[in-house]
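J.: For the record, the sequence lines run as chains A and B.
Using UniProt numbering, you'd call the opening residue of the first sequence number 1 and step up by one each time.
Using UniProt numbering, you'd call the opening residue of the second sequence number 1 and step up by one each time.
All C-beta atoms in this analysis are idealised placements derived from N, C-alpha and C, irrespective of residue type, glycine included.
First the structure, then my questions, so here it is.
Number of protein chains: 2
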Amino acid sequence: MMGPEIESLVAQVARLPGLGPRSARRIVLRLLSEREGRLLPLMGALAAAAQRVVVCSVCGGLDSVDPCSVCGDPAREPMICIVESVADQWALERASVYRGRYHVLGGLLSAIGGRGPEDLGVGRLLARLDGSVREVILALPATVDGQSTAHYLTERLAPFGVRITRLAQGVPVGGSIEILDEGTLAMAMSARRLAE
Amino acid sequence: MMGPEIESLVAQVARLPGLGPRSARRIVLRLLSEREGRLLPLMGALAAAAQRVVVCSVCGGLDSVDPCSVCGDPAREPMICIVESVADQWALERASVYRGRYHVLGGLLSAIGGRGPEDLGVGRLLARLDGSVREVILALPATVDGQSTAHYLTERLAPFGVRITRLAQGVPVGGSIEILDEGTLAMAMSARRLAE
Ligand SMILES: [Zn+2]
Ligand SMILES: [Zn+2]
């Protein structure tokens, strides 16, 4: 009834996180009713991102240059903040409470998910500890997987003699980093403590 | 920090109905992390829709042919169901309770919105009443604007001697057509009554 092009567009949009058939139909109708103002700009932005965005070979972040603009910024402090995901990195950057570099794990140790130490890519992290890095901050979620990942990384990092800290007060038990407000992130960052 | 391509993509996604900056960031990260499986198929679906979907010159619906597949289907009954929007048309089609054709107004009379009779494009509707149309169904929302639009259309259609009905029981007061479940739509369709 709506034509195969509309049907397949609704299907693609409905697969996006947080969306379903109803919201996808609403979005598709809006896009089709404002072709110049919405549909074409969205297509252009998607094409530009698809063509230019790459994963940073140093930190695992996303940018249109590799190394990313954070890794390549000489003004960043010689610290590495370890995060689970790019979403968590973005949340910390938005809060403007940290001026060092990052390391994106892309996942946590997970007994249930069958994700073991070999999946963390720790070698890529350890290769960055060239003696100039003064501190590694574990900004991992306060969940079972986050805690066990932090514990594992602390053990692996110990031989390097680098200062290892964790975000402290303010991260709610069971909460993720990404959804924290900026004030909470600022408090957690300033009150970080030595990992034991 | 995230690169201009990602920033402008997040901005475009955040403008879609029902989305905001947080959900847009989540969607963009998912798209970028599954380039082959999500980003490229979405781009393809958007391009196909942008290139092929047109507004039906007869009924105002959307399809990749003009007249649309509903207007062009000889098996459809000689009835016209008047709806506010394509979204409402799609809801009725999904419910499979009606096998006639449609007329999409694209909006209602609105004193507040400053939308008068001349904005309804009634001429395009009246041109369709060539004597073969047996019934016109007013499937408009049970709101003030929906009721006044139905009243106005009833007056304009009266001289044509066509049977004019409205959806009856089941449309909640203040409710829109699009969000109704299929059972309610079926009841409202089968219990439609003559418009007075
Ligand atoms: Zn980087
Ligand atoms: Zn049509």
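With respect to 7 Å, is the separation between the Cβ of residue 136 of chain B and the closest non-hydrogen atom of ligand 2 below this value?
T.: Looking up residue 136 of chain B in the second sequence gives position 136. The answer is no for residue 136 of chain B.
J.: Taking a cut of 9 Å between CB atoms, which residues from the stretch 8–26 of chain B lie near chain A?
T.: Under the 9 Å Cβ criterion, the stretch 8–26 of chain B contributes 8, 9, 10, 11, 12, 13, 15, 16, 17, 18, 19, 22, 23, 25, 26.
J.: Give a yes or no on whether the C-beta atoms belonging to residue 186 of chain B and residue 97 of chain B are separated by under 8 Å.
T.: For the purposes of this step, residue 186 of chain B is taken as residue 186 along the second sequence, with counting starting at 1. For the purposes of this step, residue 97 of chain B is taken as residue 97 along the second sequence, with counting starting at 1. Against a cut-off of 8 Å, the Cβ pair of residue 97 of chain B and residue 186 of chain B comes out as a contact.
J.: Let me know if residue 134 of chain B comes out buried or exposed under the rule of 16 or more other beta-carbons within 10 Å of its beta-carbon.
T.: To locate residue 134 of chain B, count along the second sequence from 1; it is residue 134. Its Cβ having fewer than 16 others within 10 Å, residue 134 of chain B is exposed.
J.: Using only the alpha-carbon positions, how far apart do residue 149 of chain B and residue 17 of chain A sit?
T.: By one-based count along the second sequence, residue 149 of chain B stands at place 149. By one-based count along the first sequence, residue 17 of chain A stands at place 17. Roughly 38 Å between the two C-alpha positions.
J.: What residue range does the beta strand (DSSP E) around residue 137 of chain A cover?
T.: Taking the first residue of the first sequence as position 1, residue 137 of chain A is located at position 137. Residue 137 of chain A -> beta strand (DSSP E) spans 135–139.
J.: Taking Cβ to Cβ, would you say residue 211 of chain A is nearer than 8 Å to residue 40 of chain A?
T.: There is simply no residue 211 of chain A to check, as chain A begins at 1 and stops at 196 in what is shown.
J.: Between residue 67 of chain B and ligand 2, is there a pair consisting of the residue's CB and a ligand heavy atom that are separated by less than 7 Å?
T.: Indexing the second sequence from 1 puts residue 67 of chain B at position 67. Correct: residue 67 of chain B has its Cβ closer than 7 Å to ligand 2.
J.: May I ask which residues mark the beginning and end of the beta strand (DSSP E) holding residue 82 of chain A?
T.: For this step, residue 82 of chain A is matched to residue 82 along the first sequence. It spans 79–83 - the beta strand (DSSP E) in which residue 82 of chain A sits, taken as one unbroken run.
J.: So residue 29 of chain B and residue 87 of chain A are supposed to be a Cβ contact under 8 Å. How far apart are they, rounded?
T.: Taking the second sequence and counting its residues from 1, one reaches residue 29 of chain B at position 29. Taking the first sequence and counting its residues from 1, one reaches residue 87 of chain A at position 87. Rounded, the Cβ-Cβ distance is 6 Å, consistent with contact.
J.: If we ignore side chains and look at the alpha-carbon of each, how far apart do residue 179 of chain B and residue 80 of chain B end up?
T.: Looking up residue 179 of chain B in the second sequence gives position 179. Looking up residue 80 of chain B in the second sequence gives position 80. Each residue's Cα considered, the two are about 21 Å apart.
J.: Taking the straight line between their C-alpha atoms, what separation do you get for residue 42 of chain A and residue 9 of chain A?
T.: On the first sequence, residue 42 of chain A is found 42 positions in, with the first residue counted as 1. On the first sequence, residue 9 of chain A is found 9 positions in, with the first residue counted as 1. Residue 42 of chain A and residue 9 of chain A: Cα-Cα distance of roughly 13 Å.
J.: Could you tell me the alpha carbon to alpha carbon distance between residue 61 of chain B and residue 116 of chain A, rounded to whole angstroms?
T.: Taking the second sequence and counting its residues from 1, one reaches residue 61 of chain B at position 61. Taking the first sequence and counting its residues from 1, one reaches residue 116 of chain A at position 116. Their backbone Cα atoms lie some 53 Å apart in a straight line.
J.: So which residues on chain A does residue 50 of chain B lean against when the C-beta distance must stay under 8 Å?
T.: By one-based count along the second sequence, residue 50 of chain B stands at place 50. Those are 35, 39, 40, 43, listed as they occur along chain A.
J.: Please give me, in chain order, every unbroken run of the alpha helix (DSSP H) with length at least 4 that falls completely inside the stretch 34–103 of chain A.
T.: Runs found: 40–52, 86–95.
J.: Who are the near neighbours of residue 157 of chain A in its chain, counting only those whose CB is closer than 7 Å to its CB and skipping five residues on each side?
T.: What you label residue 157 of chain A is simply residue 157 of the first sequence in a count that begins at 1. So the qualifying residues of the chain are 136, 164.
J.: Shorter than 7 Å, the distance from the beta carbon of residue 59 of chain A to the closest heavy atom of ligand 2, or not?
T.: Here residue 59 of chain A refers to the residue found at position 59 when the first sequence is read from its first residue. No, Cβ of residue 59 of chain A sits at least 7 Å from all heavy atoms of ligand 2.
J.: Compute the minimum distance between the beta carbon of residue 70 of chain A and the heavy atoms of ligand 1, and state whether it is under 7 Å.
T.: Here the question's residue 70 of chain A lines up with position 70 in the first sequence. Yes.
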